[in-house]
Amino acid sequence: DTAVSQTPKYLVTQMGNDKSIKCEQNLGHDTMYWYKQDSKKFLKIMFSYNNKELIINETVPNRFSPKSPDKAHLNLHINSLELGDSAVYFCASSQSTWSGSEQYFGPGTRLTVT
Amino acid sequence: TQLLEQSPQFLSIQEGENLTVYCNSSSVFSSLQWYRQEPGEGPVLLVTVVTGGEVKKLKRLTFQFGDARKDSSLHITAAQPGDTGLYLCAGDRDSGYALNFGKGTSLLVTP
Numbered sequence: 052d053t054a055v056s057q058t059p060k061y062l063v064t065q066m067g068n069d070k071s072i073k074c075e076q077n078l079g080h081d082t083m084y085w086y087k088q089d090s091k092k093f094l095k096i097m098f099s100y101n102n103k104e105l106i107i108n109e110t111v112p113n114r115f116s117p118k119s120p121d122k123a124h125l126n127l128h129i130n131s132l133e134l135g136d137s138a139v140y141f142c143a144s145s146q147s148t149w150s151g152s153e154q155y156f157g158p159g160t161r162l163t164v165t
Numbered sequence: 009t010q011l012l013e014q015s016p017q018f019l020s021i022q023e024g025e026n027l028t029v030y031c032n033s034s035s036v037f038s039s040l041q042w043y044r045q046e047p048g049e050g051p052v053l054l055v056t057v058v059t060g061g062e063v064k065k066l067k068r069l070t071f072q073f074g075d076a077r078k079d080s081s082l083h084i085t086a087a088q089p090g091d092t093g094l095y096l097c098a099g100d101r102d103s104g105y106a107l108n109f110g111k112g113t114s115l116l117v118t119p
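Set out below in structure tokens:
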């Protein structure tokens with residue numbers, strides 16, 4: 052039974068399009084995250100939600116909008132996709148907002164913008 | 009921004025060799041984590057260290073947190089091909105929420 056799942060696994064789209072990535076966790080965790088991993092494998096926090104409330108919003112363009120309908124889901128919508136958005140996007144969850152809490156990562160969504 | 013520098017960036021060794029990976033910063037962390045990521049998958053937590061000078065062992069892996077809580081090391085004894093992967097260290101951010109990750113050490117262990 053997958054703890055943190057993401058869909059789709061792969062996403063290929065053209066510049067200017069709008070796309071969404073879905074994330075669900077069945078661990079009962081209160082905190083969820085979106086990370087971006089670039090081509091050099093650097094993993095960087097984008098957003099963090101605790102109980103559906105946004106607590107971290109890094110310097111991410113407004114074209115990226117997270118939505119948390121309930122604490123088990125954190126979706127990422129991206130408007131007007133650009134070439135530089137190509138990366139692997141990871142959803143993660145943890146039991147609490149304490150940074151020492153173990154973070155459980157999803158399998159990632161590889162986004163390719165052409 | 010609390011930066012974590014990992015070294016080496018790449019490491020290719022033969023089965024049975026020992027290796028050490030380093031994670032350094034000028035900032036003090038209240039906790040530091042090590043993750044391993046395999047191709048096509050998300051990172052998986054190996055260990056969390058919270059006390060300066062702490063040493064934790066996980067089978068052939070030994071993790072150490074520096075006395076000043078600014079650095080950490082991961083030592084692997086008698087590496088095996090199954091140890092191949094990207095090793096990431098991560099420290100807590102100023103805000104205490106989420107993590108700052110290092111750029112990783114990519115390890116390849118050949119039979």
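Protein chains in written order, with our numbering: chain A, 52 to 165; chain B, 9 to 119. The beta-carbon is built from N, C-alpha and C at its ideal position, and this holds for glycine as well.
Sorting A:Gly135, A:Ser56, A:Gln76, A:Tyr140 by C-alpha distance to the C-alpha of A:Asn102 places A:Gln76 at the top. For A:Lys92, no beta strand (DSSP E) segment is defined, and its DSSP state is neither H nor E. Looking at the DSSP output, A:Leu162 sits in a beta bridge with A:Leu62, A:Ala138.
With its beta carbon less than 8 Å from one in chain B, A:Gly151 belongs to the interface.
Only residues of its own chain outside the window of five on either side were considered, and among them Asn26, Leu27, Arg68, Leu69, Asp91 have a CB closer than 7 Å to the CB of B:Ile84, listed in chain order. Counting only residues of its own chain and dropping the five nearest sequence neighbours on each side, B:Ala98 has a CB closer than 6 Å to the CB of Gln41, Leu107, Phe109.
Looking at the DSSP output, B:Arg44 shares a beta bridge with B:Val52, B:Tyr95. Around B:Gly93, the same chain offers Arg44, Gln45, Glu46, Leu115 as residues with beta carbons nearer than 7 Å, after the five sequence neighbours per side are excluded. Taking a contact to require three or more Cβ pairs closer than 8 Å, the segment 108-123 of chain A and the segment 156-164 of chain A do not qualify as touching.
For a cut-off of 8 Å, the C-beta gap from A:Gly67 to B:Ser39 is around 42 Å, too long to register as a contact. Relative to A:Gln65, the option among A:His124, A:Asn108, A:Leu134 whose CA is nearest is A:Leu134. In this structure A:Gln146 is in contact with A:Asp81, their Cβ atoms being roughly 7 Å apart against a cut-off of 8 Å. Residue environment analysis places B:Val63 among the exposed positions, since fewer than 16 neighbouring C-beta atoms fall within 10 angstroms of its C-beta.
At the C-beta level, B:Leu82 and B:Val29 come within 8 Å of one another.
If you draw a straight line from the Cα of B:Cys31 to the Cα of A:Tyr86, it is about 20 Å long.
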